[in-house]
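Number of protein chains: 2
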Amino acid sequence: MDFDREIREHYLRGHEKFLRHISIDCVVFGFFNNELRVLLLHAKYAGHWALPGGFILKEEHMDAAANRILAERTGLEKIYMQQFYVFSEPTRSTRKVNQQFLQNVGISYDESWMFERFISIGYTALVNFSKVQPVADVFSSACEWFNIHAIPELILDHREILDKALESLRTQINYHPIGFNLLPEKFTMPELQRLYETILDRKLDRRNFQRKIIGTGILKKLKETKPGVRHKAPFYYKFDLKKYQRALKGGMGFES
Amino acid sequence: MDFDREIREHYLRGHEKFLRHISIDCVVFGFFNNELRVLLLHAKYAGHWALPGGFILKEEHMDAAANRILAERTGLEKIYMQQFYVFSEPTRSTRKVNQQFLQNVGISYDESWMFERFISIGYTALVNFSKVQPVADVFSSACEWFNIHAIPELILDHREILDKALESLRTQINYHPIGFNLLPEKFTMPELQRLYETILDRKLDRRNFQRKIIGTGILKKLKETKPGVRHKAPFYYKFDLKKYQRALKGGMGFES
DNA sequence: CCAAAAGTGTTTAAAATACACCCATGC
DNA sequence: GCATGGGTGTATTTTAAACACTTTTGG
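From first to last, the protein sequence lines are chains G and Y.
Going by this note's numbering, the first sequence opens with residue 1, and the numbers climb by one from there.
Going by this note's numbering, the second sequence opens with residue 257, and the numbers climb by one from there.
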């Protein structure tokens, strides 16, 4: 098969293109139907889900590598991404994952750079859910969104990476334009509140939340309301990006 | 010379022991005489100061590597260290630094792993100043403390790394036992306040600071006072480590 | 006795919290 | 017409900020 050839090539010659020992794993967050979700790939042969990941080209900036890796999975350019932690357990290894796989492709451990030790740089990515077209890579049979509260078993230490990413998202909420990157251009106040509640993992008071957010001046209220709801129609809002960024410099004051 | 042999060995065979393409740079903070200081090495031949750094052994955890690297520079074991950022500019390179040096040792670019591209993991370290014995390594002619406000020119992107470390220290002050690791076992309230003021880079009100810190319950006041001062003698305090750690979980509420 | 820095409390302003009723829409 | 969730304001508590005089010590 064609992808088998591509995979063999990657295992046998990848180290000519990429930096050895370093991988990138991405935790891609999206928000839809008032649920925070994460994009996962189903790793062939390994039989488990995994975070999308990849490697750094020899002359490429790490941030560029992260963007390139995700552009292929999501169809998006210029994704908002932040490195958040380096995972360096010497025992984290692609070996155990790929035993079956190895046999199929016919590569032995000492033939491939892929079975050397790797440290992995964790990146969080924030995307506009509705603009993403999930695409599996050659190592994967599927690419899907999962609710943050219903994550399946993951390979390697990917669960640990995901948990750390969530923790990082919580501390970033005061200093990074998380709402701007996760929500569509127009959104309602209750949607914004659900997003904050999901990330902070606690209920917020409607009235106090509204007052606080309005008080920061980061929103522009539109005349338009959300149609097709069977209750009072909520207004749409947009972000005032300049004021948002100004406000983030001083922190937004949401403690977890 | 003996160290020349050691250096040649490192350049020519280091990749057999260490992971290629990955280095660690440490920003070591100490506090003394009410000044926040950083430990720097004077790089031979390069003629500039540099952060202490090193590499990861092939089967070593990255945190262990960071600790090993600093143990050799400071004489301390179990140093409190945190990774804070990865620096990955493809143009950051040891090449330009070591031209002169190379000639002296007689190694050409393509002979050594040390001239390949490196990404560097930045670590902050917090140490008890008075317990450190600065020791230069084979690449360095000196190892000294510098006041954070009087940093000399540094090689490569080390100034950027240092600045980012300081920024990171500021955000960590609410969630990490920074005082505990930077101060000696016994310390006075004004010393603690200077530490906070230096890190946050702003003046704090004495009375409000004292009330806030006492209110967290993280301190034990001793009967003993600091001798030999030509004014009213301040009391010594110790940290109540259990309460300190409990308080840090919820954040200490010092905003920068 | 004087300079230098430490100890201590109260008042005021700002921010966070708690809480309840009316309104618009789809079914 | 009713169930669902959205919109809105006020009172209370908590937390942060501003501020000045007295005390101790070494020189």
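Where is the CB? At the ideal position from N, CA and C, for every residue including glycine.
Does DSSP classify residue i as helix, strand or coil?
| i | result |
| --- | --- |
| Val361/Y | helix |
| Gly309/Y | strand |
| Ala321/Y | helix |
| Arg20/G | strand |
| Glu255/G | coil |
| Ile198/G | Rather than Ile, the amino acid found at residue 198/G in this sequence is Thr. Here Thr198/G sits in helix by DSSP. |
| Leu183/G | coil |
| Glu224/G | strand |
| Ala136/G | coil |
| Arg502/Y | helix |
| Asp230/Y | In the structure displayed, chain Y extends from 257 to 512; residue 230/Y sits before or after that span and is not available. |
| Lys58/G | coil |
| Gly75/G | coil |
| Ser424/Y | helix |
| Tyr11/G | helix |
| Glu372/Y | coil |
| Ile469/Y | helix |
| Arg230/G | coil |
From residue i to residue j, what does the alpha carbon distance come to, in whole angstroms?
| i | j | result |
| --- | --- | --- |
| Lys505/Y | Tyr431/Y | 6 Å |
| Leu456/Y | Ala398/Y | 30 Å |
| Pro440/Y | Ile404/Y | 19 Å |
| Thr225/G | Arg467/Y | 49 Å |
| Val283/Y | Trp401/Y | 11 Å |
| Leu460/Y | Thr454/Y | 10 Å |
| Met81/G | Ala66/G | 8 Å |
| Arg8/G | Ser130/G | 34 Å |
| Ser396/Y | Lys300/Y | 5 Å |
| Arg462/Y | Arg450/Y | 10 Å |
| Thr380/Y | His231/G | 53 Å |
| Leu51/G | Asp25/G | 6 Å |
| Leu313/Y | Ser23/G | 17 Å |
| Ala489/Y | Leu497/Y | 25 Å |
| Val394/Y | Ile161/G | 37 Å |
| Tyr365/Y | Leu358/Y | 8 Å |
| Arg170/G | Lys164/G | 10 Å |
| Leu438/Y | Phe180/G | 38 Å |
| Arg261/Y | Gly484/Y | 51 Å |
| Phe262/G | Arg202/G | What is shown of chain G runs 1 to 256, which leaves residue 262/G out entirely. |
| Phe209/G | Leu166/G | 22 Å |
| Met62/G | Phe491/Y | 50 Å |
| Arg269/Y | Arg13/G | 23 Å |
| Ser256/G | Ile470/Y | 23 Å |
| Leu275/Y | Glu116/G | 10 Å |
| Ala320/Y | Gln389/Y | 20 Å |
| Ser168/G | Ala406/Y | 33 Å |
Might you give, ordered along the chain, the residues of its own chain that have their beta carbon closer than 8 Å to the beta carbon of residue i, omitting 5 neighbours on each side?
| i | result |
| --- | --- |
| Tyr237/G | Lys186, Phe187, Thr188, Met189, Leu192, Leu219, Lys220, Lys221 and Leu222 |
| Val391/Y | Glu328, Arg329, Thr330, Gly331 and Cys399 |
| Arg293/Y | Phe285, Gly286, Phe287, Phe385, Trp401, Phe402, Asn403 and Ile404 |
| Phe118/G | His21, Ile22, Ser23, Arg92, Ser93 and Thr94 |
| Val361/Y | Asp260, Ile263, Arg264 and Tyr267 |
Bridge partners for residue i per DSSP, in chain order?
| i | result |
| --- | --- |
| Arg293/Y | Gly286/Y and Asn403/Y |
| Tyr80/G | Leu126/G |
| Leu154/G | Trp49/G |
| Val342/Y | Ile377/Y |
| Asp281/Y | Gly309/Y and Gly378/Y |
| Ala398/Y | His298/Y |
| Thr188/G | Tyr236/G |
| Leu475/Y | Phe495/Y |
By Cβ distance below 6 Å, which residues in the same chain neighbour residue i in space, the five residues on each side in sequence not counted?
| i | result |
| --- | --- |
| Tyr11/G | Ile107, Ser112 and Met114 |
| Lys305/Y | Strictly speaking, residue 305/Y in this sequence is Trp, with Lys absent from that position. Here the set comprises Leu296, His298, Pro408 and Leu410. |
| Pro177/G | Tyr244 |
| Gly54/G | Ile24 and Ile69 |
| Asn249/Y | Examination of residue 249/Y is not possible in this model, given that chain Y is present from 257 through 512 alone. |
| Lys83/G | According to the sequence shown, residue 83/G is Gln rather than Lys. If we look at Gln83/G and ignore the five residues flanking it on each side, its Cβ neighbours are Ile121 and Tyr123. |
| His271/Y | Trp369 |
Take residue i and list the residues in its own chain whose beta-carbon comes closer than 7 Å to its own, dropping the five residues that flank it on each side.
| i | result |
| --- | --- |
| Thr472/Y | Ala503 and Met508 |
| Phe510/Y | Ile429, Asn430, Tyr452 and Leu456 |
| Ile335/Y | Asn323, Leu326, Ala381 and Val383 |
| Lys273/Y | Leu313 and Lys314 |
| Glu77/G | Ala71 |
With three or more beta-carbon pairs closer than 8 Å as the criterion, would you say the stretch 145-159 of chain G touches the stretch 79-94 of chain G? Contact between the stretch 145-159 of chain G and the stretch 79-94 of chain G is present, because at least three Cβ pairs lie under 8 Å.
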